[in-house]
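J.: Heads up, the sequence shown is in our numbering, so the first residue is 42 and it goes up one at a time. Have a look at this one before I ask anything.
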Amino acid sequence: MQTTQIGIIGLAVMGRSLALNMADHGFIVGGYNRSREVTGTLIKEHPHKNFIPFYDLKELVESQERPRKFLIMVKAGKPVDMVIDQLIPLLDEGDMILDGGNSFFEDTRRREKNLKEKGIYYFGTGVSGGEMGARFGPSIMPGGEKEAYEHIAPILEAISAKAQGEPCCAYMGPDGAGHYVKMVHNGIEYADMQLIAEAYLLLKYAGGFTNQELADIFTEWNEGELKSYLIGITAGIFREKDDFADGELVDYILDSAGQKGTGRWTSLESLKQGVNVSMITAACNARIMSNRVEGRKEAKELIESPKQRLVSDKAKFQEKVRKGLYTAKIAAYAQGFDLLLHASSEYGWNLDYGKIASIFRAGCIIQAEFLDDITRAFEKNRDLKNLMMDSFFREKINMGQESLRDILGPGIQNGIPVPAMSQAVAYIDAFRGTPVGANLIQAQRDCFGAHTYERTDREGIFHHDWRFEHE
Ligand code: 6PG
42 MQTTQIGIIG LAVMGRSLAL NMADHGFIVG GYNRSREVTG TLIKEHPHKN FIPFYDLKEL
102 VESQERPRKF LIMVKAGKPV DMVIDQLIPL LDEGDMILDG GNSFFEDTRR REKNLKEKGI
162 YYFGTGVSGG EMGARFGPSI MPGGEKEAYE HIAPILEAIS AKAQGEPCCA YMGPDGAGHY
222 VKMVHNGIEY ADMQLIAEAY LLLKYAGGFT NQELADIFTE WNEGELKSYL IGITAGIFRE
282 KDDFADGELV DYILDSAGQK GTGRWTSLES LKQGVNVSMI TAACNARIMS NRVEGRKEAK
342 ELIESPKQRL VSDKAKFQEK VRKGLYTAKI AAYAQGFDLL LHASSEYGWN LDYGKIASIF
402 RAGCIIQAEF LDDITRAFEK NRDLKNLMMD SFFREKINMG QESLRDILGP GIQNGIPVPA
462 MSQAVAYIDA FRGTPVGANL IQAQRDCFGA HTYERTDREG IFHHDWRFEH E
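Below, the structure written as structure tokens:
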């Protein structure tokens, strides 16, 4: 029997694509799937001299060189635990298990701890880039015991995307760090997609642009500072003709988007950490509202819509939307990286933000030119507290915030929901130290519950005996 260098367990789309990617890079890969048909289809449709199918997990384990390495590519949750339970009795100390799914980081922490007690290394490994990324070069975020990383690094770094020749894969930190970074990547992905959707709504309903014009605008944007995978596919989407009816497919797709949960996790986790990721939360809420398909139909008949008022200068508006989108995007990434900063200290991970930004430069869904600038910002100052404080991004915000404010007006007047862009402005304003009304909130709390307050003119904690008549 040929010795395998890594075993992939779970050969659905992502597992299959990663297996073939490894095989292409010269690694001898053993593959196993619970149902035999999936493995059968894979070797029939994509035969590869470096890919060896297994129909028995024990045989796959026995085929491996030491330390053994397994990449689990099954649905997050219980299925991951089931595979781990099957593997444990077959493994020896020093063997390694990687989980490449979108597992919740707390599950990863628990699994890593349990397996460590058995002498098995566990790596929660974020993988981004969808099917094509997995097949030809994803961005990879492994987290686990540092001393064991060197055993998996050659494989992971070889199959990852490359940005300016560097692999988009790097050791993230211990236990749940890899899956945490992937979770925040997805949270940012939600905000980024929502911002693009809002720019689309503004251009379409306040600007009066056609799909063809939208396609051209996004193509043009993809040549400048907004250049990114998401802007690029958006341009293509506006051009795509429908197979069933006249016109473009985008106009026939139901206005309702699902979510698998990583954006929601980011939002919940941010509240636990006391970090404001309002734009990611806004993106989750926008999807939640979109799912009320029947309710929205009913309410449309009952609640009046404002009269549509198209902007008078389309070209000027288009440029403002571009600048506004870019400015809001900075705020979204600032929020995501702020959460990483807090998590790093909370969990003791010592995350390297510059490194994280650098492995997002290619392969993943949020890949963008912009990530080069984020990488530079954190490399310049490892202690940067917020992206918006970096001189490059500060300057961009100063140049773009007026446009962002200007486009919200036509949005709100035309009844176009722009929750993520609105949150961007609110975040920038609160961040830059404008009054946020918390003096009044302190007063209310002290008035109704003697919760005390602090003063601007002297140190200490005060309670006031509120003299006006109240219950
Ligand atoms: C990636 C993506 C991927 C995610 C999809 C769908 O980085 O390749 O983030 O992991 O599953 O984007 O996510 P939602 O269904 O939650 O939108």
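C-beta atoms are modelled at their ideal positions from N, C-alpha and C, and glycine is treated no differently. Keep in mind it's a predicted model, so treat the numbers as computed, not measured.
1) List, from N- to C-terminal side, the alpha helix (DSSP H) runs of 4 residues or more that fit wholly inside the region 245-328.
2) What's the gap between the Cα of E106 and the Cα of K245?
3) Relative to the alpha-carbon of D506, which residue among T497, T493 and D498 has its alpha-carbon at the smallest distance?
4) Tell me whether K110 sits in a helix, a strand or coil according to DSSP, three-state version.
5) Count the other CB atoms, across all protein chains shown, that sit within 10 Å of the CB of D292; report buried if there are 16 or more and exposed otherwise.
6) Nearest to L290 by CA position, among Q300, G377 and Q253, is which residue?
7) Any heavy atom of the ligand 6PG closer than 7 Å to the Cβ of H220?
8) Tell me which residue opens and which closes the beta strand (DSSP E) that L139 is part of.
9) Does the ligand 6PG have even one heavy atom less than 7 Å from the beta-carbon of H504?
10) What is the DSSP secondary structure of A204, counted as helix, strand or coil?
11) The ligand 6PG and C405: does the residue's C-beta get closer than 7 Å to at least one heavy atom of that ligand?
12) On the DSSP bridge list, what partners appear for V70?
13) Can you check whether the CB of P460 is closer than 8 Å to the CB of A298?
14) Taking the alpha carbon of N317 as the point to measure from, which residue in K159, E512 and Q376 has its own alpha carbon closest?
15) Rounded to the nearest angstrom, how far is the Cβ of A202 from that of S58, given a contact under 8 Å?
16) At a cut-off of 7 Å, is S19 close to the ligand 6PG when judged by its beta-carbon and the heavy atoms of the ligand?
17) Please return the same chain residues whose Cβ sits closer than 6 Å to the Cβ of L112, not counting the five positions on each side in sequence.
18) Taking the alpha carbon of A484 as the point to measure from, which residue in F509, M462 and A467 has its own alpha carbon closest?
19) Does DSSP classify A60 as helix, strand or coil?
20) Say the cut is 7 Å; is the CB of H66 nearer than that to a heavy atom of the ligand 6PG?
21) Let's test the definition: count the other Cβ atoms within 10 Å of the Cβ of Y367 and tell me whether it reaches 16, buried, or not, exposed.
22) In whole angstroms, give me the CA-to-CA distance for M430 and I438.
23) For F164, list the residues DSSP reports as bridge partners.
24) Taking contact to mean 3 or more Cβ pairs, one atom from each stretch, closer than 8 Å, check whether the region 223-242 and the region 186-203 are in contact.
25) Between E335 and I294, what straight-line distance do the alpha-carbon atoms span, to the nearest angstrom?
26) Considering just the uninterrupted stretch of the alpha helix (DSSP H) at M123, what are its terminal residues?
27) For G214 versus I321, is the C-beta distance shorter than 8 Å?
28) What did DSSP end up calling Y367 once you bin it into helix, strand or coil?
T.: In brief:
1) Within the region 245-328, the complete alpha helix (DSSP H) runs of at least 4 residues fall at 252-262, 270-280 and 303-314.
2) 57 Å
3) T493
4) Of the three classes helix, strand and coil, the one that applies to K110 here is strand, per DSSP.
5) exposed
6) Q253
7) no
8) M137 to D140
9) no
10) strand
11) Residue side-chain check: C405 places its Cβ nearer than 7 Å to a non-hydrogen atom of the ligand 6PG.
12) I47 and F92
13) Contact flag unset, no.
14) Q376
15) Rounded, the Cβ-Cβ distance is 13 Å, inconsistent with contact.
16) Summary: the structure shown does not reach residue 19, with the chain confined to residues 42 through 512, and so no result is reported for it.
17) I49, L139 and G141
18) F509
19) Helix, per DSSP.
20) Checking the Cβ of H66 against the ligand 6PG gives no.
21) buried
22) 10 Å
23) L139
24) no
25) 16 Å
26) K119 to L128
27) no
28) helix
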